[in-house]
Amino acid sequence: MFQEKAPDILNPVEQKAESAQRARQPIIKPDKGEISKRDTQEEQELRDSIEQTQLEKHPLFELFAKNIPKEVLDKIDTKFATSILKSVQKEFADDPDLQKEFVEIFISENQERLRRKSQNDLNRLRRYTKKGIPRFSIAARYRRRKKNTAFKELVESMKIVRSDKRDTDTFESPRRHGNTSSIGPQDILVQADNYVYASFDQTPHYMARTSQNQREIDPNGIEDRTELVMQDIANLHARYSDGLAKAYLSNTFDLETGKDILAEYLAYVFESPEEAIKFISLNNHPRDTQRWDTLLDEPENERVISKMKELKKELGIEPPLSLEIRIRSFAKRKIIDSSS
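Using numbering that gives the first Met the number 0, read the sequence shown as starting at 0 and increasing by one per residue.
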């Protein structure tokens with residue numbers, strides 16, 4: 000039978016000698032930096048876990064996140080996203096009709112509902128811009144019609160372009176091709192991962208302008224799944240910590256009606272298409288688009304900014320300084336026929 004060996008018993012002299020020897024041995028302490036680093040990492044992981052739980056328990060989380068892949072949601076700044084949802088929740092509580100329309104258009108992807116909203120927005124804009132025209136002045140009405148025609152032709156001449164490092168004939172949304180590199184907390188509100196983003200060649204979004212790989216998008220077949228947005232959601236959020244949902248909805252239109260709204264807007268604010276193109280090209284950096292009503296309020300821009308502020312106050316329409324074209328799911332590159 001195995002019997003455990005009893006420990007050696009030292010006599011008092013030996014015990015004293017051993018204690019003295021231990022006292023002379025250096026005590027190796029854990030590095031304070033390593034402890035601090037480990038504690039900080041553990042604390043951060045705990046905070047992340049708590050914030051993720053708070054985000055997932057938010058009443059609006061399931062509504063906005065139900066169609067977004069989990070691996071995409073894992074990349075979101077959860078604390079930031081929770082604060083945005085809280086703000087939007089208050090908006091919806093104060094205005095149930097806003098919630099209904101927002102959900103129908105951006106979550107249910109009801110394009111017909113977007114068209115009706117856009118047409119109403121266009122009618123309101125036209126009624127407003129006509130107010131300053133003398134009713135019985137034929138000359139004034141002629142000048143307005145001529146000016147509007149010039150801006151209509153400008154917008155119709157604009158090409159939809161996308162900047163992309165990939166050389167491909169088909170551009171797919173991150174949700175469709177399954178490779179989302181990043182997503183902003185605001186993006187979940189408008190399902191950004193389900194869209195291909197583009198802009199107009201003559202009023203380029205700043206992100207598009209900084210890339211040299213610009214390709215034209217084929218406009219055929221995209222009408223029923225495309226939106227025109229006057230200001231991107233990140234720039235709008237910088238302007239509206241409260242009221243983001245209403246601001247984004249007020250500045251989103253279906254593509255065809257949106258082009259009419261863009262032409263009407265530009266004709267009211269600018270004297271000529273050339274002035275409009277120059278102003279937008281010089282002032283589409285995020286620092287300008289997010290604070291256009293203050294940073295751009297300089298003497299040479301006084302007339303333009305005054306009219307922009309007017310339309311913003313009366314109709315909620317932002318200037319198209321970071322205009323985006325959102326195409327749901329995919330878009331095709333326009334193939335130029337060299338034989339024609």
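Yeah, the Cβ is synthetic: ideal placement off N, Cα and C, and Gly gets one too. Please read all numbers here as calculations on a predicted model, not as lab measurements.
Pick from the options: whose alpha carbon is nearest that of residue i?
i: Asp223; options: Ser328, Lys65, Lys56 and Leu248; result: Ser328
i: Ile316; options: Glu100, Ile335, Leu235 and Leu281; result: Leu235
i: Ala129; options: Leu320, Arg112, Ala191 and Glu263; result: It should be noted that the sequence gives Lys, not Ala, for residue 129. Of Leu320, Arg112, Ala191 and Glu263, the residue nearest in Cα terms is Glu263.
i: Leu243; options: Ser86, Gln213 and Leu72; result: Ser86
i: Thr293; options: Lys308, Asn178 and Leu281; result: Lys308
i: Phe278; options: Pro203, Gly183, Ile104 and Ser107; result: Pro203
i: Ile334; options: Arg238, Asn219, Ala246 and Gly257; result: Asn219
i: Gly177; options: Glu70, Arg332 and Thr148; result: Glu70
i: Leu310; options: Leu281, His284, Arg123 and Thr77; result: Arg123
i: Ser82; options: Ile137, Glu55, Ile221 and Ile324; result: Glu55
i: Ala96; options: Lys116, Leu84 and Pro319; result: Contrary to the premise, residue 96 reads as Asp rather than Ala in this sequence. Among Lys116, Leu84 and Pro319, the Cα nearest to that of Asp96 is on Lys116.
Per DSSP, what kind of secondary structure is residue i in: helix, strand or coil?
i: Ile137; result: helix
i: Glu270; result: coil
i: Ser249; result: helix
i: Thr225; result: strand
i: Arg165; result: coil
i: Tyr239; result: coil
i: Ile276; result: helix
i: Gln201; result: coil
i: Lys158; result: coil
i: Glu341; result: This structure leaves residue 341 out entirely; the chain is present only between 0 and 339.
i: Arg325; result: strand
I'd like the list of long-range same chain contacts for residue i, defined as Cβ closer than 8 Å, with 5 residues on each side in sequence excluded.
i: Lys89; result: Asp241
i: Asp168; result: Lys331, Arg332 and Ile334
Can you find the residues in the same chain that come closer than 7 Å, C-beta to C-beta, to residue i, ignoring five residues on each side of it along the sequence?
i: Ile26; result: Caution applies to Ile26, whose pLDDT of 45 falls short of 50 and renders its modelled position unreliable; the model cannot decide the point.
i: Arg21; result: For Arg21, the pLDDT reaches just 44, beneath the cut-off of 50, and the residue's location in the model is therefore unreliable, although a value from the coordinates is still provided. Correct list: empty, nothing qualifies.
i: Pro58; result: Gln88
So, under 8 Å CB-CB, residue i and residue j are touching, yes? Tell me the CB distance rounded to an integer number of Å.
i: Tyr127; j: Glu299; result: Not confirmed; about 25 Å, so no contact.
i: Ala266; j: Phe150; result: 4 Å
i: Thr225; j: Ile106; result: About 17 Å; that fails the 8 Å criterion.
i: Lys164; j: Asn212; result: 6 Å
Determine whether the beta carbon atoms of residue i and residue j lie at a separation below 8 Å.
i: Val195; j: Ala330; result: yes
i: Val160; j: Leu261; result: no
i: Arg114; j: Asp231; result: no
i: Leu322; j: Phe199; result: yes
i: Val228; j: Val268; result: no
i: Gln118; j: Thr256; result: yes
i: Arg238; j: Gln185; result: no
i: Ile187; j: Phe63; result: yes
i: Ile132; j: Ala138; result: no
If I measure Cβ to Cβ from residue i and keep anything under 6 Å in the same chain, skipping five residues before and after, which residues do I get?
i: Gln201; result: Met157 and Ile276
i: Leu172; result: Checking the sequence, you will find Ser at residue 172 rather than Leu. The answer, listed in chain order, is Asn193, Tyr194, Val195 and Ser328.
i: Phe101; result: Ala244 and Leu248
i: Arg174; result: Asp192 and Asn193
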